[in-house]
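Numbered by the working numbering, the letters in the sequence shown go through residues 79 to 562 in order.
All C-beta atoms in this analysis are idealised placements derived from N, C-alpha and C, irrespective of residue type, glycine included.
These numbers were taken from a predicted model, which means no experiment stands behind them.
All remarks here apply to the structure that follows.
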Amino acid sequence: MESSSSKPHAVLLASPGVGHVIPVLELGKRLVTLYNFDVTIFVVASQTSAAESKILQSAMSSKLCHVIEIPAPDISGLVDPDAAVVTIISVIMREIKPAFRSAISALKTTPTALIVDLFGTESLAIAEELQIPKYVYVGTNAWCVALFVYAPTLDKTVQGQYVVQNESFNIPGCRPLRPEDVVDPMLDRTNQQYFEYVRIGEEIPLSDGILVNTWEDLQPTALTALRDDKSLGRITKVPIYTVGPIIRRLGPAGSWNELFDWLDKQPSESVLYVSFGSGGTLTYEQITELAWGLELSQQRFIWVVRLPTETTGDGSFFTAGSGAGDDDLSSLLPDGFLSRTLDIGVVVPQWAPQIDILTHPSVGGFLSHCGWNSTLESITNGVPMIVWPLYSEQRMNATILTEELGVAIRSKVLPSKGVVGREEIKTMVRRILVDEEGYEIRAKVKELQRSAQKAWTRESGSSYSSLARLAKECGMMTKRNAND
Ligand code: UDP
């Protein structure tokens, strides 16, 4: 490695998955544009997701950050064929460590800080070898950080499976967490993904700081607990940097003129956008009920539809944006659905330009799996939500949105546990788009939209200042290294 330049040089590491790559790329961009960093981003690419590879190509061509792809290794000999997403990503991130170390050594300028995402915590050791500060960037929210760092404590104190406990779990700074709402890796304590989860919970506090994709005014209680010496702060002991909302508009992939021409013609805040993130898939039965629910609601909609899976969940996590076209979809929707809803609805196969849709003034609601990126995109556009949590930490996000923030409504049955029927869907759609309740919820989400904008106000915003503090620390380290 050659000698350091006068600029701080952050190396970022992103794990596979659209929802993981997006926040890291955008953090890198902000470090360059707002704080004058050099940034190198290593993305461990799944190589099976068309959406992920498009995002990567576009980031590589922008040249703002130096983006380098590390191909995910073949781990078929190391995990079961039906291994959970968290297990697969954890094993991939473990296996790429030697390649990542060599790639860092081959860089032209010495890194002055390492920032890894949640699944990259085992690589924090590389920063120790290089004697540079090391940070973990949690692309989701403060409740998630709280649960992660508290997981090793729960592991020692709770007997038996979490999901069969009678009492909710009291995670400092969070609302009581119902056993049925625990994150996916906690659903089965005998599964490898559980051990990986607890390990990550142990490793996060070994960093020099935790960056969280939230902002001070959004989650004050959880953030206080994370910093409080008598609460979670005794476990984390490291600074918490709130850097959210960090969202990234993806470049135009494909031509969407027809869709936006249609949206332009719809009344203000009248359209429901329905999408389940990059990974979400539904059963055939649930797709049928959703179609009927939308039709019965008589409201306008844009629905991103994917081929069904046997169980509702994360069926397209590693294949996002690849797959079926229009022909395949028409056969799976109820007979005549497309023609009956021709004037009020648009069905998009696989993938849609989500941020551009949510930004459009005709959109008035978002039926979402409430992945954290989607959640932030909805809040920052002042769009109220119908939460439809499917996997990962989404059941927790749903509770934040409905019970803590009051910007969303939810179905009686958890969509990951049972089928939500057409009548209930119809009612929820009307509650958000037509009823008085929807207007009140919209007013609340618009307040949060303003608070999100404030967080990134130049110089004075809480997230702007928080990342500036981190940037300053890295800058000081750069000078120290240069003087050595
Ligand atoms: N996304 C999109 N079009 C789609 C589906 C998803 O642009 O059809 C983007 C969405 O805007 C968000 C990301 O993919 O930025 C999904 O991240 P999220 O955290 O919401 O969910 P995940 O995919 O990780 O479950």
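**Prompt:** Looking at C-alpha atoms only, which residue of G198, K175, A530 is the closest neighbour of E274?
**Reply:** Here the closest residue by C-alpha is G198.
**Integer Cβ distance of G461 from C448, believed to fall under 8 Å** = Note that residue 461 is Val in the sequence shown, not Gly. Their Cβ separation, rounded to whole angstroms, is 12 Å, which puts V461 and C448 out of contact at 8 Å.
**Item:** Proximity below 9 Å, CB of L385 to CB of L350
**Value:** Contact flag unset, no.
**Item:** Residues that A486 bridges to, as DSSP identifies them
**Value:** Here A486 is bridged, per DSSP, to M463.
**Request:** Indicate the three-state DSSP secondary structure (helix, strand or coil) for R378 in the structure shown.
**Result:** Residue state, collapsed to three classes: strand.
**Asked** Which whole runs of the beta strand (DSSP E) in the region 264-318 are 3 residues long or more, in chain order?
**Response** Listed in chain order, they are 288-290.
**Request:** Kindly say whether A203, judged by its beta-carbon, lies nearer than 9 Å to any beta-carbon of chain D.
**Result:** Although the question refers to chain D, the structure presented lacks it and comprises just one protein chain.
**Message:** On the CB-based measure, 16 or more other CB atoms within 10 Å of its CB, does N475 come out buried or exposed?
**Reply:** Per the 10 Å Cβ criterion, buried.
**Item:** Integer Cβ distance of L310 from G251, believed to fall under 8 Å
**Value:** Between G251 and L310 the Cβ distance is about 6 Å, and since that is below 8 Å, they are a contact.
**Item:** At least three beta-carbon pairs within less than 8 Å, the region 85-94 to the region 111-123
**Value:** Touching, per the Cβ criterion.
**Request:** May I ask you to report which of helix, strand or coil DSSP gives H98?
**Result:** Under the three-state reduction of DSSP, H98 is assigned to helix.
**Enclosing alpha helix (DSSP H) for L232 [first to last residue]** = Following the DSSP letters along the chain, one finds L232 inside the alpha helix (DSSP H) bounded by residues 220-235.
**Message:** Quick check on DSSP: helix, strand or coil for G568?
**Reply:** There is no way to answer for residue 568, as the model of the chain reaches only from 79 to 562.
**Item:** Status (buried if at least 16 other CB within 10 Å, exposed otherwise) for A377
**Value:** The sequence shown places Gln at residue 377, rather than the Ala named in the question. Burial call: buried.
**Message:** Relative to the C-alpha of I380, which candidate in G443, A398, L134, T387 has its C-alpha closest?
**Reply:** Closest option to I380, judged by alpha-carbon separation, among G443, A398, L134, T387: G443.
**Asked** Where does I174 sit, in a helix, a strand or coil, going by DSSP?
**Response** When DSSP states are grouped into helix, strand and coil, I174 belongs to the coil group.
**Asked** Expressed to the nearest angstrom, what Euclidean distance is found between the alpha-carbon atoms of P189 and Y469?
**Response** Between the alpha carbons of P189 and Y469 lies a distance of about 35 Å.
**Prompt:** Just to check, is the beta-carbon of L328 closer than 8 Å to a non-hydrogen atom of the ligand UDP?
**Reply:** Indeed, a heavy atom of the ligand UDP lies less than 8 Å from the Cβ.
**Message:** Measuring straight from C-alpha to C-alpha, what distance separates P230 and Q271?
**Reply:** Distance between the alpha carbons of P230 and Q271: 14 Å.
**Prompt:** Of the choices D295, I422, L265, whose alpha-carbon is the least far from that of Q344?
**Reply:** It is I422.
**Asked** Does the distance from the C-beta atom of G414 to that of V507 stay below 9 Å?
**Response** G414 places its beta carbon 9 Å or farther from that of V507.
**Asked** What separation, rounded to the nearest whole angstrom, lies between the Cα atoms of V261 and D158?
**Response** Spanning the two alpha carbons is a distance of roughly 21 Å.
**Prompt:** Taking contact to mean at least 3 C-beta pairs separated by less than 8 Å, is the region 219-235 in contact with the region 421-437?
**Reply:** When Cβ pairs closer than 8 Å are counted between the two stretches, the region 219-235 is seen not to touch the region 421-437, the count staying below three.
**Request:** Would you tell me roughly how many angstroms separate the C-alpha atoms of I282 and L192, rounded to the nearest one?
**Result:** Approximately 13 Å between the Cα atoms of the pair.
**Prompt:** Can you list the beta strand (DSSP E) stretches of 3 or more residues lying completely in the region 330-397, in chain order?
**Reply:** Those beta strand (DSSP E) runs which fall completely within the region 330-397 and span 3+ residues are 349-353, 378-383.
**Item:** Which of helix, strand or coil DSSP assigns to L548
**Value:** Reduced to three states, the DSSP call for L548 is helix.
**Prompt:** Which residue's Cα is closest to the Cα of V485: R473, K504, I457?
**Reply:** Ranked by Cα distance from V485, the first of R473, K504, I457 is I457.
**Message:** What residue range does the beta strand (DSSP E) around S84 cover?
**Reply:** Here S84 belongs to no beta strand (DSSP E), and DSSP marks it neither H nor E.
**Asked** Buried or exposed: where does A300 fall if 16 or more other Cβ atoms within 10 Å of its Cβ makes it buried?
**Response** Around the CB of A300, 16 or more other CB atoms lie within 10 Å, so the residue is classed as buried.
**Message:** When you compare the CB positions of L156 and I278, do they come within less than 9 Å of one another, or not?
**Reply:** Note that the C-beta distance between L156 and I278 is not below 9 Å.
**Asked** Which whole-angstrom value describes the C-beta separation of K141 and F115, a residue pair presumed to lie in contact below a C-beta threshold of 8 Å?
**Response** Contact flag wrong, Cβ pair sits at about 14 Å.
**Distance, V110 Cα to S81 Cα** = Any reading at S81 must be qualified, since the residue scores a pLDDT of 49, below 50, and its modelled position is unreliable; no value is offered.
**Item:** Distance cut-off 8 Å: S356 Cβ against heavy atoms of the ligand GDP
**Value:** With respect to small molecules bound, the structure shown includes the ligand UDP and not the ligand GDP.
**Prompt:** By the 10 Å Cβ neighbour count, where 16 or more other Cβ atoms means buried, how is Y215 classified, buried or exposed?
**Reply:** Residue burial annotation: Y215 is buried, with at least 16 other C-beta atoms found within 10 angstroms of its C-beta.
**Prompt:** What does a CB cutoff of less than 6 Å around L545 pick up in its chain, not counting 5 residues either side in sequence?
**Reply:** Closer than 6 Å at the Cβ level, and outside the excluded window around L545, lie V321.
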